[in-house]
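J.: In this note's numbering, the protein residues as written are 3 to 110.
Just passing along the structure, written as structure tokens.
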Amino acid sequence: MWDVVDQRQLESIAIKDTQTNSLSISPDGQQLAAGCYQTLRLFDCCHLGNQPLQVFNVHDRNVTTAGFSHDGKWIFTGSEDQTAKVWDLRSNTLVCQRILQVSSKLNV
């Protein structure tokens, strides 16, 4: 995380056991979503460390994109497995609400 005004690094995380393909910060600035190999990892932005709050196995191939809805209640993921998924974040378990099958790999 960077302070763009002062041009200095504030925080960092290291995800050593997998590649990271996508990062997204929730609208309230409280969570960081990392799209990794087959997983979505959620971090607490106020207490960044190398351990995510939660790790979810969400796709069969690389998660290439992840993002939050404007109200932070939903998250979307896209993958090289040719699916886009919409997830409900309103509970401690990630619940898939929609699966969209597409004809090519997703990379947004």
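Using N, Cα and C, we set each Cβ at its ideal position, and we do this for glycine too.
#1: Between Ser14, Val97, Arg43 and Tyr39, which has its C-alpha nearest Gln21's C-alpha?
#2: At the level of alpha carbons, what is the spacing between Lys87 and Ser71?
#3: Specify, as a first and last residue, the run of the beta strand (DSSP E) that Val97 falls within.
#4: Of all the CB atoms in chain B, is at least one closer than 7 Å to the CB of Thr41?
#5: If we call anything under 7 Å between Cβ atoms a contact, is Asp83 one with His61?
#6: Out of curiosity, what's the CA-to-CA distance linking Arg63 and Trp76?
#7: Count the other CB atoms within 10 Å of the CB of Pro29; is the residue buried (16 or more) or exposed (fewer)?
#8: What first and last residue would you give for the beta strand (DSSP E) that runs through Ser28?
#9: Taking the straight line between their C-alpha atoms, what separation do you get for Thr66 and Gln103?
T.: Working from what's here:
#1: Within the sequence shown, numbered from 1, the residue matching residue 21 stands at position 19. The residue with the shortest Cα to Cα distance from Gln21 is Tyr39.
#2: Looking up residue 87 in the sequence shown gives position 85. Looking up residue 71 in the sequence shown gives position 69. Their backbone Cα atoms lie some 13 Å apart in a straight line.
#3: As a position in the sequence shown, residue 97 is number 95, starting the count at 1. From DSSP, the beta strand (DSSP E) with Val97 extends over Val97 to Gln103.
#4: Within the model displayed, chain B is absent; a lone protein chain is all it includes.
#5: Here residue 83 is taken as the residue at index 81 of the sequence shown, counted from 1. Here residue 61 is taken as the residue at index 59 of the sequence shown, counted from 1. Taking 7 Å as the Cβ cut-off, Asp83 and His61 qualify as a contacting pair.
#6: Residue numbering aside, residue 63 sits at position 61 when the sequence shown is read from its first letter. Residue numbering aside, residue 76 sits at position 74 when the sequence shown is read from its first letter. Straight-line Cα distance between these residues: approximately 21 Å.
#7: The sequence position of residue 29 within the sequence shown is 27, counting from 1. Its Cβ having fewer than 16 others within 10 Å, Pro29 is exposed.
#8: For this step, residue 28 is matched to residue 26 along the sequence shown. Run containing Ser28: none; DSSP gives neither H nor E here.
#9: Position 64 of the sequence shown, counting from 1, holds the residue named residue 66. Position 101 of the sequence shown, counting from 1, holds the residue named residue 103. Cα to Cα, Thr66 sits roughly 15 Å from Gln103.
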